[in-house]
Amino acid sequence: MAAAADYFIFLLSLAASSVLISTSHSRTVVEDLATLKPPPDFDAMLRTNCLHNPSHRYCGFSPADIDAVFKSTIVASYLCNESRNPNCVESFPRIDLRNRPTIAPLYLSFNFFWKYCPISINSIDFSNNSITGSFPADILLCTQIKSLDFSHNRLTGDLLIKSFDPLTNLSSLNLSYNFFSEAKISDSQSFLRRFNSSSFIDSGLLPCPRTFTLKAVLLLVAFPVSVILIICCFGWLCFRRPDYLPRFLRPQHRFTPSMLRAATDGFSRKNLILKTEEFRIFRGRLRDGCEVRVEIRLNDIDLHHHHHHTNITSEFVEECKVLVQLRHKNLLRVMGWCASREMRAVVTEWTEGDDVEMWLSGSCPPWKQRLKILMGVVEGMCYLQENWPEVGYDLRTGSLLLRYNNLEPLITRFKVGEDNFNSKKVYKLGVLLLELITNRRPREEFERGEAGFVEFVRANYPENLGGIIDDRMMLPENMLDQAKSGVGLGLMCTDVSMSKRPSVHHIHDMIRRAYKACVALTSQNCETRRNRRDGGKGQR
């Protein structure tokens, strides 16, 4: 009782200030808080009380706190009487405002009172008041209380369970019949074990048994099902549409049939560029917007012999792993491959332009441009011979592409194998050189194909040179000699005796010198024609 007696010296100070408690408490407490001021010796009385009992919450006060401490004594005197304590002058053991909905919210709003809550209070009861809003956490500043009752109200929101930790003496708690949000199991386990379940009847804090069971069942079923679905979706993406995966998860250079179908609109007719007995070429657009050329191989596929198909597919993949490493301005870049039981396809970059065969027949390219294209092809051959001698290629005019912007030739079809001897490559180059000079199509115009074409040129060289050189070029005398030398070089490359065929590097040197000389001759011929034209004007 000593602590209570010390505290209620405040009430004596109020009496000294002529404080009279009227019966209209809810009105008078507000009026007194607005009008009464601390007596002159109030701070001295606080210090005296703290000397007797340092546990008072106002101990250690500052001058700025005096008004709040004084107001808390006013509220304490009213609240003690409202709670029907038997002797408020000597003790203030409980706050009991149950069934007092008109004044309960008022006393809850006095934050300064709860800050300096009297240490004599053991019990707080605000039940059955229809209090709304969140739980009044300021009450928990009365850390010494043993009993707290906020049942039969309309409190909502999350209950800060951690804020109850300082209330170590709290043994009786009743939060039943409210509308709190369901407490997290991880936060509430120790809190719920501390009190009986009757403390939380219909409070919203405890999970509803049916709801909890349903959630548990859903969790136990939904989680593994979700994991399985995710794995299935991920597997589908990996094996069918890896282009939907993040870039770092995509297999490099590998395309699937589904990706190529999507890129070519289901291999539609409008995207079909070329169709032969050996392959089909489609134009496509990948999911990232990149345009590609899809070459589907038709030969050597036998789905009825699994072992045979597996060997072919394995060889095809190893071949493509080499091709994706080729890097040269005159080689079409290979971006990847598709190898499955459905198809074998090579995916390359898309280049706008015609093939050399269409270019020769559709326009009348001058000798200088034909030499430039031949030089680009030979440069690509030199790169392959130095870095990838095992890579063969197709030098037919129908397989060589020309970029629209600079007429740079591109070798587009490759083959990796042991039979790609240099002599065979030189022979192909010789046929290409003769085709560029004559503008003839060996496979269409001659019964024996390339062999018949070479025999035809050899039979007319050099006596009937005008019968084999493309007359659309209208070569002047000095360039006609170059074309004649070009025919001779082509016949050397296609000689029956492999030992007489020149090397690729030797051919490159000859073509490069011929191109430089052609550029000089073209400039000289233009200057001569300009002088003649100017001279003719002067005579007139």
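Per mature numbering (1 follows the signal peptide of the UniProt record, and there is no 0), the sequence shown runs over residues -26 to -1, 1 to 514. Glycine residues also receive a C-beta, built at the ideal position from the N, C-alpha and C atoms.
Buried is the label assigned to V321, since at least 16 other Cβ atoms lie within 10 Å of its Cβ.
Distance from the Cα of G423 is smallest, within the candidate group P436, E409, Y435 and N434, for E409. Beta-bridge pairing by DSSP links S146 to S121.
Contact fails between the segment 81 to 91 and the segment 128 to 141, because fewer than three Cβ pairs, one in each stretch, are under 8 angstroms apart. For Y52, the number of other beta carbons within 10 angstroms of its own is at least 16, and it is reported as buried. As for any alpha helix (DSSP H) of minimum length 4 sitting wholly inside the segment 385 to 414, the runs are 396 to 412, ordered along the chain. Nearest Cα to P75 within the set R68, D99 and S200: D99. About 6 angstroms separates the beta carbons of N96 and R68, which is inside the 8 angstroms limit, making them a contact pair.
Residues G366 of the same chain have their beta carbon placed closer than 8 angstroms to that of K398, with the five preceding and five following residues left out of the count. In the three-state DSSP reduction, F154 falls in the strand class (E or B). Non-local C-beta neighbours of T496 in its own chain, meaning closer than 6 angstroms and more than five positions away in sequence, comprise K342, ordered along the chain.
Burial is judged here by how many other beta carbons sit within 10 angstroms of a residue's own beta carbon; M349 has at least 16 and is buried. L345 has its alpha-carbon roughly 12 angstroms from the corresponding atom of M453. In the three-state reduction of the DSSP assignment, K295 falls in the helix class.
By the criterion of a C-beta distance shorter than 7 angstroms, R307 is surrounded in its chain by T322 and E323, once the five residues flanking it on both sides are discounted. When C-beta atoms of the segment 425 to 437 are compared with those of the segment 458 to 476, three or more pairs fall below 8 angstroms, so the two segments count as touching. Of K295, E265, A236 and R254, the smallest CA-CA separation from R228 is found for K295. For R21, the uninterrupted alpha helix (DSSP H) segment begins and ends at F16 to H26. Nearest Cα to M355 within the set R417, L248 and K303: K303.
Taking C-beta atoms under 8 angstroms as the contact rule, E331 and T371 qualify, at a distance of about 4 angstroms. By the neighbour-count definition (other C-beta atoms within 10 Å, threshold 16), K45 is a buried residue. Taking each of Y151, G391 and D368 in turn and checking the Cα distance to Y401, the smallest one comes out for D368. For F66 against N73, the beta-carbon gap comes to about 20 angstroms, at or over 8 angstroms, which does not count as contact. Contact check for F165 and I119: beta-carbon distance about 16 angstroms, past the 8 angstroms limit, so the pair fails to qualify.
One thing to note: D176 has its Cβ within 8 angstroms of the Cβ of Y151. DSSP places T325 outside both helix and strand once states are collapsed to three, so it counts as coil. Spanning the alpha carbons of N61 and N148 requires a straight line of approximately 27 angstroms. For F427, the enclosing alpha helix (DSSP H) starts and ends at G423 to N434.
For the options P383, A38 and C54, the alpha carbon positioned closest to that of V63 is the one of C54.
In this structure, DSSP gives C312 an extended state, which the three-state scheme calls strand.
Shown here, S97 sits in a strand according to DSSP, grouped into three states. In the DSSP assignment, K249 falls outside any alpha helix (DSSP H) and within the unbroken beta strand (DSSP E) covering L246 to K249.
The beta carbon of R224 sits closer than 8 angstroms to those of P216 and D217, all from its chain and outside the five residues before and after it, given in chain order.
Using a 10 angstroms sphere on the CB of C500, the tally of other CB atoms stays under 16, which defines it as exposed.
Where L374 is concerned, the enclosing beta strand (DSSP E) starts and stops at L374 to L376.
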